[in-house]
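S.K.: Have a look at this one.
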Amino acid sequence: MIYLRCFAFLLLFQNYVFSTWLSDIPIILSQPNGQIIECFVTGDQYSRRIHDNEGFTIIMKESDGFYYYADEDGLGGLIATNILAGTPDPSSYGLEPGYAVSSEVYERQKEFYNLNLDQSLNNRDAPSTGTVNQVNVFIRFADDPEFSQPRSYYDAVFQTDNDEPSLKHYFWEVSYNSLLVNTYHYPGTFGVNNTAYVDEFNRSYYQPYSGANPDGYQDSNQRTQREHTLLANAVNAISPSVPSLLDIDANGDGLVDAVSFVIYGGTGDWADLLWPHRWALYSQDVYINGARVYDYLFMLGGSSYFNVGVLAHEFGHVLGAPDYYHYDGGGAPTPVGGWDVMASNGNPPQYPSAFTKWKYFDWIQPIEITQGGTYTINPLSLQDSVAYTIESPYSETEYFILEYRKQEGLYDSNAQGSRSGLLAYRVNPSAGDGNAQGPPDELYIYRPGGNLTDSGNLNNAPYNLAYDQTVLNDNTDPSSFLYNGGSGGIGGLNLYGVTEASETISFTVSFGIPEMQIYPNILTYDLQVGDFDSQSFNVANTGEEGTVLNYSAIVLSSESYINPQGGPDGGGYFWTTSDNEPSVAYE
């Protein structure tokens, strides 16, 4: 066997994976000649690419089933070259790293998931309070061995009795003990085994067609039919085992609240249905105790991302929350990063933001600030006084929301970076729900260096006196800029005096208008040639405390006066060598 290593495993895992947008996940490719290639796969359920450690994209040529380096086809897609994957220095053949499908092709592939959905069911959510009983089904294919781990191994990701991360523990904590998520696994199992529904077809039947895989599906319609039939058969096989007294439709909408499938093994490759995704069983009518199985979560039990972080993110969708990452995976600045589980999730996952807890989960109620003053905010681990909203005076729609995040506990210790402090977000309701199609983005967090074109430093987003980061207004870095249809513009937020992070954190907000007072309003010199004199004028802001005054001094009455770039205290001195005795007028 030929064995080719394409990357160093030491560089494999990042702190965050972007939801179902996964980066640098290991995958082993098998060439028809027996060659083994270890590479990365990056992408999401809509599109992904296999690549080596240098970023050169690899695709399979359907005619022979071999993997080759890819090139752009000029139509927004990719085409296989004749350069076999693993060939040294693909750049010497004129290839460049990072080839991926265009955003237009990506959108068409995404539309495939939404094309036939029942729109009357598409926007439904499971209850965000009370008890949600999730049905989880294990599946393996005809040629798969038994699951390698006992049922308890997989169950621990969904629920634990101890104070340790699991899907159940996570939502119980972040919901302030108002949402209990129980998961019931099927088929039933015995002893230490993990019994699964066994499909009639081999794994190859659920992989793309190629010369090396003649059993594979050949188009998207066939792929849909095979996936939906697989899941419908699995549901029909286990449904008699689900107790009739188990409430799986808590909100009474006629649909099972939460359904997941855990498939044996790891991910597939390019354009493969064997990838974690969330979809709907729209082509099949299957029921459990009278409730229809519609939307579902599809997971791979043998992959590195079968973990609490990914499950928490996906269950956030079950409760109605959108994605806060961009589906195209790049281009525009990252809007939220690791400050919300619906944007990027670690393992264990960090908290949802206060905005998500408020708008989508109904767990908190923010306090609107309408007058200047000093305010104190609790950390997001508490339920009361954990979020403040402030309207922008320059927008009828965009506004700001503040929260306090402490790097502590099982979950929020895994938020972005290592700092605790006050976070300031911009909310743009005109963008719709979430950031998937952004920009524009519904939710954006201010951070140093961040603007309409640059992501800046998300790690340093928290405001905290300990970091000498205490002020946010239209003249700071970052400024409180608006999106404003993509043209930007001042936001009018004037936040200052942020204290050190402790049990609480405090800050001051000002809404006043600055007022400028100048004294004296004219300077007059009476000098002889060779004499020297200097006079000063004072500029004061007599408006409300905390308002920001910006001004500049311009000489109007004499061209002989110059404003040098240097001089004591950074310059700003008007001077002349004229033998006249002019006055200096200024504004």
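The numbering of the sequence shown is this note's numbering, which starts it at 1 and goes up by one.
The beta carbon of each residue, even a glycine, is placed where N, CA and C say it ideally should be.
Report the rounded CA-to-CA distance for Val509 versus Tyr404, giving the unit in angstroms.
M.R.: Residue 509 sits at position 509 when you count from the first residue of the sequence shown. Residue 404 sits at position 404 when you count from the first residue of the sequence shown. Taking the straight line from one Cα to the other gives about 15 Å.
S.K.: DSSP state of Leu246, grouped into three classes?
M.R.: Residue numbering aside, residue 246 sits at position 246 when the sequence shown is read from its first letter. It is coil, neither helix nor strand.
S.K.: Would you identify the three-state DSSP class for Ile238, choosing helix, strand or coil?
M.R.: Locating residue 238 in the sequence shown gives position 238, where the first residue counts as 1. The answer is helix: DSSP assigns Ile238 an H, G or I state.
S.K.: Taking C-alpha atoms, which residue in Pro429, Ile50, Gly216 lies nearest to Asn202?
M.R.: Within the sequence shown, numbered from 1, the residue matching residue 202 stands at position 202. If we check each option's Cα against that of Asn202, Gly216 comes out closest.
S.K.: Taking 8 Å as the threshold (C-beta atoms), are Tyr69 and Lys61 in contact?
M.R.: Position 61 of the sequence shown, counting from 1, holds the residue named residue 61. Position 69 of the sequence shown, counting from 1, holds the residue named residue 69. Their beta carbons are not under 8 Å apart, which means Lys61 does not touch Tyr69 by this criterion.
S.K.: Name the DSSP beta bridge partners of Asn414, please?
M.R.: Within the sequence shown, residue 414 is the residue found at index 414, counting from 1. In the DSSP output, where bridge partners are listed per residue, Asn414 has none listed.
S.K.: Measuring only from the beta carbon, is Glu544 closer than 7 Å to any heavy atom that is part of the ligand FAD?
M.R.: You won't find the ligand FAD in this model; it holds no ligand whatsoever.
S.K.: Does the distance from the C-beta atom of Ile139 to that of Asp199 stay below 8 Å?
M.R.: Numbered from 1 along the sequence shown, position 139 holds the residue referred to as residue 139. Numbered from 1 along the sequence shown, position 199 holds the residue referred to as residue 199. Yes, the Cβ-Cβ distance between Ile139 and Asp199 is below 8 Å.
S.K.: Is the stretch 131–146 touching the stretch 355–374, taking contact as three or more C-beta pairs under 8 Å?
M.R.: The stretch 131–146 vs the stretch 355–374: no contact.
S.K.: By how many angstroms is the C-alpha of Gly337 removed from the C-alpha of Gly372?
M.R.: By one-based count along the sequence shown, residue 372 stands at place 372. By one-based count along the sequence shown, residue 337 stands at place 337. Cα to Cα, the separation comes out at about 30 Å.
S.K.: When you compare each of Asn521, Leu245, Tyr425 to Tyr483 by their alpha carbons, which one comes out closest?
M.R.: The count along the sequence shown starts at 1 and reaches residue 483 at position 483. Of the listed residues, the one whose Cα sits closest to Tyr483 is Tyr425.
S.K.: Given that a residue counts as buried once 16 or more other Cβ atoms are within 10 Å of its Cβ, and exposed if not, what is Gln350?
M.R.: Translated into positions along the sequence shown, residue 350 becomes position 350. The residue is buried, with at least 16 neighbouring Cβ atoms inside 10 Å.
S.K.: Taking the alpha carbon of Ile79 as the point to measure from, which residue in Ser102, Asp89, Ser92 has its own alpha carbon closest?
M.R.: In the sequence shown, counting from the first residue as 1, residue 79 sits at position 79. Nearest option by C-alpha distance: Ser102.
S.K.: Is the beta carbon of Tyr327 less than 8 Å from the beta carbon of Lys168?
M.R.: As a working note, residue 327 is residue 327 in the sequence shown. As a working note, residue 168 is residue 168 in the sequence shown. Cβ distance not < 8 Å, so Tyr327 and Lys168 don't count as in contact.
S.K.: Looking only at its own chain, which residues have a Cβ that is under 7 Å from the Cβ of His51, when we skip the five neighbours before and after it?
M.R.: Along the sequence shown, one-based indexing puts residue 51 at 51. For His51, where only same-chain residues beyond five positions count, the Cβ hits under 7 Å are Cys39, Phe40, Thr42, Thr57, Ile58.
S.K.: Measure from the alpha carbon of Asp247 to the alpha carbon of each residue in Thr374, Tyr184, Ile401, Ser479, then state which is nearest.
M.R.: Counting from 1 along the sequence shown, the entry for residue 247 is found at position 247. Checking every option, the nearest Cα to that of Asp247 belongs to Tyr184.
S.K.: Whose C-beta lies closer than 7 Å to the C-beta of Pro448 among residues of the same chain, with five residues either side of it excluded?
M.R.: The residue labelled residue 448 in the question sits at position 448 within the sequence shown. If we look at Pro448 and ignore the five residues flanking it on each side, its Cβ neighbours are Gly456, Asn457, Asn460, Asp477, Pro478.
S.K.: Helix, strand or coil: how does DSSP classify Thr356 here?
M.R.: Residue numbering aside, residue 356 sits at position 356 when the sequence shown is read from its first letter. Reduced to three states, the DSSP call for Thr356 is helix.
S.K.: From Thr87, Ser148, Gln45, Pro32, pick the residue whose C-alpha is nearest to that of Arg108; which is it?
M.R.: Taking the first residue of the sequence shown as position 1, residue 108 is located at position 108. Nearest option by C-alpha distance: Gln45.
S.K.: Helix, strand or coil: how does DSSP classify Gly432 here?
M.R.: The residue labelled residue 432 in the question sits at position 432 within the sequence shown. Gly432: coil per DSSP, three-state reduction.
S.K.: Could you have a look at Thr589 and say whether DSSP puts it in helix, strand or coil?
M.R.: Because the chain is modelled from 1 through 587, residue 589 falls outside the range shown and cannot be assessed.
S.K.: Identify the continuous alpha helix (DSSP H) that holds Phe315 and give its terminal residues.
M.R.: Within the sequence shown, residue 315 is the residue found at index 315, counting from 1. From DSSP, the alpha helix (DSSP H) with Phe315 extends over 308–318.
S.K.: In three-state terms, what does DSSP make of Trp275?
M.R.: Taking the first residue of the sequence shown as 1, we reach residue 275 at position 275. Correct three-state label for Trp275: coil.
S.K.: Mind checking which residues open and close the alpha helix (DSSP H) that includes Asp155?
M.R.: Indexing the sequence shown from 1 puts residue 155 at position 155. Run containing Asp155: 151–158, per the alpha helix (DSSP H) assignment.
S.K.: How about Val227 and Leu273: do their beta carbons lie closer than 8 Å?
M.R.: Numbered from its first residue, the sequence shown carries residue 227 at position 227. Numbered from its first residue, the sequence shown carries residue 273 at position 273. Strictly speaking, residue 227 in this sequence is Glu, with Val absent from that position. Closer than 8 Å, so yes.
S.K.: Round the Cβ separation of Leu495 and Phe507 to the nearest angstrom and send it over; I've been treating them as touching at under 8 Å.
M.R.: Position 495 of the sequence shown, counting from 1, holds the residue named residue 495. Position 507 of the sequence shown, counting from 1, holds the residue named residue 507. Confirmed, about 6 Å.
S.K.: Ser560: buried (16+ other C-beta within 10 angstroms of its C-beta) or exposed?
M.R.: Position 560 of the sequence shown, counting from 1, holds the residue named residue 560. The predicted model places Ser560 with a pLDDT of 49, which falls under 50 and marks its position as unreliable; any figure quoted below should be read in that light. Classification for Ser560: exposed.
S.K.: Determine the contact status of Thr453 and Pro333, defining contact as a CB-CB distance below 8 Å.
M.R.: As a working note, residue 453 is residue 453 in the sequence shown. As a working note, residue 333 is residue 333 in the sequence shown. Contact: yes.
S.K.: Rounded to the nearest angstrom, what separates Asn521 and Asn475 at their Cα positions?
M.R.: If you number the sequence shown from 1, residue 521 lands on position 521. If you number the sequence shown from 1, residue 475 lands on position 475. If you take the alpha carbons of Asn521 and Asn475, they lie about 27 Å apart.
S.K.: Counting Cβ pairs closer than 8 Å, one from the stretch 377–389 and one from the stretch 403–420, do we hit at least three?
M.R.: Taking 8 Å as the limit for Cβ pairs, the verdict is that the stretch 403–420 does touch the stretch 377–389.
S.K.: Which of the three DSSP states, helix, strand or coil, is assigned to Phe40?
M.R.: Against the sequence shown, residue 40 aligns to sequence position 40. Correct three-state label for Phe40: strand.
S.K.: Out of curiosity, what's the CA-to-CA distance linking Val235 and Asp253?
M.R.: To locate residue 235, count along the sequence shown from 1; it is residue 235. To locate residue 253, count along the sequence shown from 1; it is residue 253. Rounded to the nearest angstrom, the two C-alpha atoms are 19 Å apart.
S.K.: DSSP on Leu78, reduced to helix/strand/coil?
M.R.: Within the sequence shown, residue 78 is the residue found at index 78, counting from 1. Strand at Leu78.
S.K.: DSSP on Val588, reduced to helix/strand/coil?
M.R.: Past the boundaries of the shown model lies residue 588; the chain is included only from 1 to 587, so the question cannot be answered.
S.K.: Give me the Cα-Cα distance between Ser353 and Met342, rounded to the nearest whole angstrom.
M.R.: As a first step, residue 353 is located in the sequence shown; it is residue number 353 there, counting from the start. As a first step, residue 342 is located in the sequence shown; it is residue number 342 there, counting from the start. Answer to the nearest angstrom: the Cα atoms are 9 Å apart.
S.K.: Given a threshold of 16 other Cβ atoms within 10 Å of its Cβ, counted over all protein chains shown, does Phe190 qualify as buried or as exposed?
M.R.: To locate residue 190, count along the sequence shown from 1; it is residue 190. Exposed is the call here.
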